[in-house]
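Note sheet for the following structure.
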Amino acid sequence: MARIDRFVCALRHVQDLVLLCLIVAALVAARDDSGGVDPRPAIGFHLGQSYGTAAAHLANGTVIELAKVDGSPAYRAFMQHELLRQQDSDLFAAPPRTPATRAQLAWLLNEYLGFEDEAEVLAVMLRALRTASEEALGAEPLPATVVLGAPYMRAWQDEETSDRSIVARARRLAGLPHIQVQNMDPVYLAEAHAVLAANGQELCQHRRCYGSLLSKQDPFRREVIYLISLTDQSLYTSFQLATCYFLTPVGGRLGTINPDFGLRKQDHTFSRDDDFWYEFEEYVVARWVDHAADGDNYRGSYTVLLAGEGADDAKFQRAVEKAMARIAVGSPDAERETGPPPRVSLLVSQDPSFAAARGVALWRRTMMDGKYCADFDEPAGWEEDEGDVYRDEL
């Protein structure tokens, strides 16, 4: 009996090994044999803080900008409200399920009573982007290749995979077909991630192509992305740990849209231009203090990422640089004064108005084309950070 037991045990180990080999072989075969190019345009819609943008990533690698649509006052107020609806302050904890359940129950009640779905606010923007994109591409209806990006909303975290989520409902109301994203990808791409991807940062192509099982590439870096997005109507700021752009943000929090600091608000809010930029600098530093004062947050290194239609403004960039200089030497509390100051670097996005939409379109192209991975050659030292080409370090 002992020999039989040992034989059965050995057989099970062999079966497990064979199964593992088959799984690995299937993954490699899928990577090697999916080198075809999908001829359809990969389309990215970004729902920004005050306007929406659309871009298409074509099969030949060309990226074209399709549309930019200003948001209505109702749209801007909705985006600001959703960011404020932070469900949990813990850095890594998932929000409780009760608020999401309450939101879904409210949606069911509104549907039963015939009231307008709150997702209609987003759907209005998506319909405008869809119509403009159809005209730009000469394709009606659009192919089923549209994916979405938006400021990262912790309030949507618990419901984002549900067919009844606000993102899914907005898609349906706007006439956009459902898209099945890859297994580990988020339902919508966070704005900071989309902008980074558009600038060739945090691409993690080795991990993207080989998957988490076969790739040893670390998806996380000890770096905080401090996004500062300035538009004509508002200022959006957020913090998150640097990670592969196609993953859900880790520690994404403190997202805030402040309508007092839009470029068009200078004359209305402040009597002098210098006062506007002084208060802006103070606000940027104060946001960092809020982040750094929480002992749970990593505070050793920051990349300040500039985006939005105002990112090219010279006064805006000077005010940010002054704030960065203060961050690099300052400390929000006595505990920080005993340690080294944080490293602070600057990344000014290329094409800042459309960067988020371009990044979302790239995300969709990597889902559609096996060629993205079939043409990928492992560079020497691929585990290293994928580039600091656009960074200016203070």
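Those letters in the sequence shown? Residues -30 to -1, 1 to 364, per mature numbering (1 follows the signal peptide of the UniProt record, and there is no 0), in order.
Glycine included, every Cβ here is placed at the ideal spot set by N, Cα and C.
- What do you reckon, are the CB atoms on E193 and S271 nearer than 8 Å? E193 is a Cβ neighbour of S271, given a cutoff of 8 Å.
- Item | The alpha helix (DSSP H) enclosing D202, as first and last residue numbers | Here D202 belongs to no alpha helix (DSSP H), and DSSP marks it neither H nor E.
- Name the one or two DSSP bridge partners that residue 377 has. Outside the modelled stretch of the chain, which goes from -30 to 364, sits residue 377, for which no answer is possible.
- Query: CA-CA distance, K341 and S135?
  - Reply: Roughly 32 Å between the two C-alpha positions.
- Task: In the DSSP assignment, find the unbroken beta strand (DSSP E) run with W37 in it and report its ends.
- Result: Sequence check: residue 37 is Ala here, not Trp. Residues 33 to 40.
- Task: May I ask you to list the residues that DSSP assigns as paired with Y272?
- Result: Paired residues: V194, V314.
- Which full runs of the alpha helix (DSSP H) of 4+ residues lie inside the region 209 to 251, going along the chain? Segments of the alpha helix (DSSP H) lying fully in the region 209 to 251: 236 to 239.
- Tell me whether the beta-carbon of P189 lies closer than 8 Å to the beta-carbon of R177. Against a cut-off of 8 Å, the Cβ pair of R177 and P189 comes out as a contact.
- Task: Kindly indicate which residue of G225, A12, E249 has the alpha-carbon position closest to the one of V116.
- Result: A12
- Query: Considering L112, what are the terminal residues of the beta strand (DSSP E) in which it resides?
  - Reply: Here L112 belongs to no beta strand (DSSP E), and DSSP marks it neither H nor E.
- Taking R139 as the reference, which of N228, P312, R97 has the closest Cα? R97
- Query: Once you ignore the five residues that flank D345 on each side, which residues in its own chain have a CB closer than 7 Å to its CB?
  - Reply: none
- Proximity winner among P113, M154, M123, relative to P147 (alpha-carbon distances): Distances from the CA of P147 to each of P113, M154, M123 were compared; the closest alpha carbon is that of P113.
- Message: If distances are taken between C-alpha atoms only, which option among R10, G145, A284 comes closest to L92?
- Response: G145
- Message: With a threshold of 8 Å between beta carbons, is E193 in contact with chain B?
- Response: The chain labelled as chain B is not found in the depicted structure, where only one protein chain is given.
- Can you grab the Cα-Cα spacing for the pair D230 / L183, in whole Å? 46 Å
- Message: Using only CA atoms, which one of R242, H27, A262, S20 lies nearest to V7?
- Response: With distances taken between Cα atoms, V7 lies closest to H27.
- Item | Span of the alpha helix (DSSP H) around residue 441 | Residue 441 lies beyond the stretch modelled for the chain, which goes from -30 to 364, so this question has no answer here.
- Query: How many Å lie between L143 and T226 at the Cα?
  - Reply: 27 Å
- Task: Name the one or two DSSP bridge partners that A26 has.
- Result: I13, I34
- Message: Please state whether the Cβ-Cβ distance between G14 and A25 is less than 8 Å.
- Response: yes
- Message: Once DSSP output is grouped into helix, strand and coil, what is the label at V7?
- Response: coil
- Classify L205 as buried or exposed, calling it buried when 16 or more other Cβ atoms lie within 10 Å of its own Cβ. buried
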